[in-house]
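Protein chains: 2
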Amino acid sequence: MESEEARPRRRQARGERRMSEILDAAAAVFAEQGYEKATTNAIAAAAGISPGSLYQFFRSKEAVAQALTDRFTAQMRDAHGEAFAPAGLAALAALDLDDLIDRVVDPLVAFNIANPGFKALFARPDMPPGLATAAGPIQSALLGRVEAILAVRSPGLSAPERARSARVLVQIFQAMTPVVVAAASEEEREAEVRELKKVLRGYLAPLDG
Amino acid sequence: MESEEARPRRRQARGERRMSEILDAAAAVFAEQGYEKATTNAIAAAAGISPGSLYQFFRSKEAVAQALTDRFTAQMRDAHGEAFAPAGLAALAALDLDDLIDRVVDPLVAFNIANPGFKALFARPDMPPGLATAAGPIQSALLGRVEAILAVRSPGLSAPERARSARVLVQIFQAMTPVVVAAASEEEREAEVRELKKVLRGYLAPLDG
DNA sequence: CGAGAATACGAGCAATTACTCGTATTGACA
DNA sequence: TGTCAATACGAGTAATTGCTCGTATTCTCG
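These protein sequences, in sequence, are chains A and B. Residues in the first sequence are numbered from 1 upward in steps of one, following the numbering used here. Residues in the second sequence are numbered from 210 upward in steps of one, following the numbering used here.
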């Protein structure tokens with residue numbers, strides 16, 4: 001997974017801490033500026049270091065985004081993997097549709113709210129080719145899991161139909177996530193989440209066995 | 210609406226033609242590069258003129274986008290206003306839900322396919338502040354019309370509920386449009402449109418009186 | 001025809017930005 | 001303690017890009 005460190009550094013205490021700080025700063029700057037408009041100098045400044053120092057740890061702006069994506073992926077797996085885990089699939093199969101949606105959507109929404117920089121890398125339509133690959137893992141992990149759930153809940157679907165439906169579901173989620181994250185108040189946010197779930201339910205109900 | 214022309218030009222035959230050519234070029238470049246990555250020099254080159262000539266007609270890149278948006282708005286009104294027109298509302302009220310969706314979605318899809326540059330200005334999440342205003346008219350026109358239809362079909366909704374539902378519907382459409390437009394084959398495209406309609410139907414059915 | 005405005009050109013400017021490089025400091029380890 | 005790599009700095013560079021400016025050409029109109 002990490003084949004880019006041909007020569008491991010020695011001073012890892014300071015270094016690792018710096019890298020983490022840089023990623024924190026990058027997440028914040030990406031969240032508020034978007035990927036393209038975020039400048040590497042701004043990220044360095046937000047991390048309290050010089051541009052040169054940033055490039056001591058990351059080869060390029062894209063490498064920062066890549067590392068941040070990796071970190072998000074790991075965080076998501078650690079925090080919310082349960083709901084999606086293969087072991088949980090059987091339990092998910094027996095659930096009420098509304099409960100199923102809650103079980104899947106709520107953790108994802110919580111994660112997106114806790115990590116506002118996430119959607120800047122996840123829900124971006126104008127990714128540079130390299131970054132599409134970077135965000136790909138998250139995207140395809142989510143897709144694969146949704147497909148797995150569909151396979152259990154809607155055995156009548158052919159494989160291509162299942163793939164298409166999963167794509168549509170993920171797309172709906174991605175489209176509505178920015179609105180949810182940007183909600184001004186808590187009530188507003190809950191209302192947006194309710195709408196998101198309505199959309200998902202409306203699409204899923206006819207498919208659901 | 211057009212308060213920016215304090216001093217009308219004289220040679221309008223050549224000039225107007227050039228402006229139209231520039232907008233054609235801009236639509237093409239925006240379509241394939243996106244707004245940010247599209248350079249004014251590239252637009253000028255695509256129009257077969259020099260950068261200086263472009264700026265004889267448009268004060269800035271943003272002004273080009275603004276003018277293009279205006280042209281799209283007018284085209285959309287001319288071509289597909291009927292389906293949305295106030296006069297047609299009564300007819301729409303009596304329709305089957307599937308027919309209603311066809312009536313509204315099909316022209317919009319056709320327009321987006323015929324004008325691939327449209328979505329670059331319409332479905333962009335990272336608009337500069339000025340451009341949000343530029344794209345606003347299209348967005349809010351569409352929103353207003355969807356709201357009008359909802360008012361007729363779902364009289365039980367409160368005004369805020371109606372506004373929110375309209376926003377959700379437009380958002381779904383925007384999110385799925387790029388996939389529809391980019392479809393590789395005709396069958397693929399039809400399948401995507403079917404999914405789009407399924408999503409809309411699933412969300413609307415419970416609301417529909 | 002002659003004048004003035006509209007159109008056209010394209011080299012180049014000013015600002016931005018991802019990234020580098022020469023150098024200085026810090027700290028682990030012999 | 002001395003050494004050397006890791007860390008840190010920040011002015012500077014090359015490339016990009018929106019846009020300008022001086023100038024040349026074309027057209028309208030009297």
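All C-beta atoms, glycine included, are put in the ideal place defined by N, C-alpha and C. Quick caveat, the model's predicted, so the values are computed rather than measured.
Report task. Take every Cβ of the region 364 to 371 of chain B, pair it with every Cβ of the region 318 to 325 of chain B, and state whether three or more of those distances are shorter than 8 Å. Result -> Cβ pair count under 8 Å is below three, so no.
Query raised in the report: Could one say the Cβ of valine 104/A lies closer than 9 Å to chain B's Cβ atoms, at least one of them?
Result: Using a CB distance cut-off of 9 Å, valine 104/A does not count as an interface residue toward chain B.
Requested in this report: Grab me the residues of alanine 372/B's own chain with a C-beta within less than 7 Å of its C-beta, minus the 5 sequence neighbours each way, in chain order.
Outcome: Cβ neighbours of alanine 372/B within its own chain (closer than 7 Å, five residues either side excluded): Glu356.
Query raised in the report: According to the neighbour-count rule (16 or more other Cβ atoms, all chains shown, within 10 Å of its Cβ), is threonine 39/A buried or exposed?
Result: Flag for threonine 39/A reads exposed.
Query raised in the report: Beta-carbon of leucine 100/A versus every beta-carbon of chain B: anything under 9 Å?
Result: Interface with chain B (9 Å Cβ-Cβ cutoff): leucine 100/A is excluded.
Query raised in the report: Listing by chain order, which chain A residues have their CB less than 8 Å from the CB of methionine 228/B?
Result: Neighbours of methionine 228/B in chain A, taken as residues whose beta carbon is under 8 Å from its own, are absent, since the nearest beta carbon is some 27 Å off.
Query - C-beta contact flag for methionine 176/A and valine 377/B at 9 Å - result: Contact flag set, yes.
Query - Contact under 9 Å by Cβ, valine 408/B with isoleucine 101/A - result: No; because the gap between Cβ atoms is not below 9 Å, this pair is not in contact.
Report task. Would you kindly report the start and end of the unbroken alpha helix (DSSP H) that includes tyrosine 55/A? Result -> Tyrosine 55/A -> alpha helix (DSSP H) spans 51 to 57.
Report task. Give a yes or no on whether the minimum CB-CB distance between arginine 410/B and chain A is below 9 Å. Result -> Yes - at least one Cβ of chain A is within 9 Å of the one on arginine 410/B.
Query - Residue interval of the alpha helix (DSSP H) (run including tyrosine 412/B) - result: Counting along the chain, tyrosine 412/B sits inside the alpha helix (DSSP H) bounded by residues 395 to 413.
Query raised in the report: Considering only residues of the same chain and omitting the five flanking positions on each side of tyrosine 412/B, which have a CB-CB separation below 6 Å?
Result: For tyrosine 412/B, there are no CB contacts under 6 Å within the same chain when 5 residues up- and downstream are skipped.
Query raised in the report: Residues of chain A with CB under 9 Å from proline 325/B, in chain order?
Result: By Cβ distance, chain A contributes nothing, its closest Cβ being about 14 Å from proline 325/B, past 9 Å.
Query raised in the report: Between the region 256 to 265 of chain B and the region 299 to 315 of chain B, do three or more beta carbon pairs fall short of 8 Å?
Result: Contact between the region 256 to 265 of chain B and the region 299 to 315 of chain B is absent: fewer than three C-beta pairs spanning the two stretches fall below 8 Å.
**Report entry** Residue closest to threonine 210/A, alpha-carbon to alpha-carbon, out of Gly88/A, Arg103/A and Ala141/A
**Finding:** As displayed, chain A neither begins before 1 nor continues past 209, which places residue 210/A out of reach and without an answer.
Query raised in the report: So which residues of chain B does valine 168/A contact, with C-beta pairs closer than 7 Å?
Result: Simply Glu404 and Val408.
**Report entry** Interface flag, valine 204/A vs chain B, CB-CB below 9 Å
**Finding:** Per the sequence shown, the amino acid found at residue 204/A is leucine instead of valine. It does: the Cβ of leucine 204/A has a partner Cβ on chain B nearer than 9 Å.
Query raised in the report: To which residues of the same chain is isoleucine 252/B closer than 6 Å at the C-beta, ignoring the five residues directly before and after it?
Result: Apart from the 5 residues on each side of it in sequence, isoleucine 252/B sits with its Cβ closer than 6 Å to the Cβ of Ala234, Ala235 and Val238 in its chain, given in chain order.
Query - Proximity to leucine 317/B [Cα-Cα], best of Pro369/B, Gln383/B and Tyr264/B - result: The shortest C-alpha separation from leucine 317/B is found at Gln383/B.
Query raised in the report: For chain A, is any of its Cβ atoms less than 9 Å away from the one on serine 394/B?
Result: By this cut-off, serine 394/B is not an interface position.
Query raised in the report: In chain order, what residues of the same chain lie with their CB nearer than 7 Å to the CB of alanine 31/A, ignoring the 5 residues before and after it?
Result: Around alanine 31/A: Pro116, Gly117 and Ala120.
Query - Listed by chain order, chain B residues near alanine 38/A by CB distance under 7 Å - result: None at all; the shortest Cβ gap to chain B is about 11 Å.
**Report entry** Coil, strand or helix - asparagine 41/A by DSSP
**Finding:** Asparagine 41/A: helix per DSSP, three-state reduction.
Requested in this report: Output yes or no for whether 9 Å exceeds the beta carbon distance between arginine 18/A and serine 53/A.
Outcome: Result yes, Cβ atoms of arginine 18/A and serine 53/A sit closer than 9 Å.
Report task. For chain A, find out if any of its Cβ atoms is closer than 9 Å to the Cβ of valine 389/B; answer yes or no. Result -> No, its Cβ sits nowhere closer than 9 Å to a Cβ of chain A.
Requested in this report: Determine the chain A residues that contact glutamine 380/B at a beta-carbon separation under 8 Å, and present them in chain order.
Outcome: Ordered by position in chain A, the residues that pass the 8 Å Cβ test against glutamine 380/B are Ala175, Met176 and Val179.
Query raised in the report: Within the 9 Å Cβ cut-off, does alanine 400/B reach chain A?
Result: So yes, alanine 400/B belongs to the interface.
Query raised in the report: According to DSSP, is leucine 309/B helix, strand or coil?
Result: If DSSP states are grouped into helix, strand and coil, leucine 309/B belongs with the helices.
Query raised in the report: Going along chain A, which residues have a C-beta under 9 Å from arginine 373/B?
Result: Residues of chain A passing the Cβ test: Ala191, Glu192 and Glu195.
Query raised in the report: Are any of the Cβ atoms in chain B nearer than 9 Å to that of aspartate 208/A?
Result: So, not an interface residue.
Query raised in the report: Is it the case that the Cβ atoms of valine 313/B and isoleucine 358/B are separated by a distance below 9 Å?
Result: The criterion of a C-beta distance shorter than 9 Å is satisfied by valine 313/B and isoleucine 358/B.
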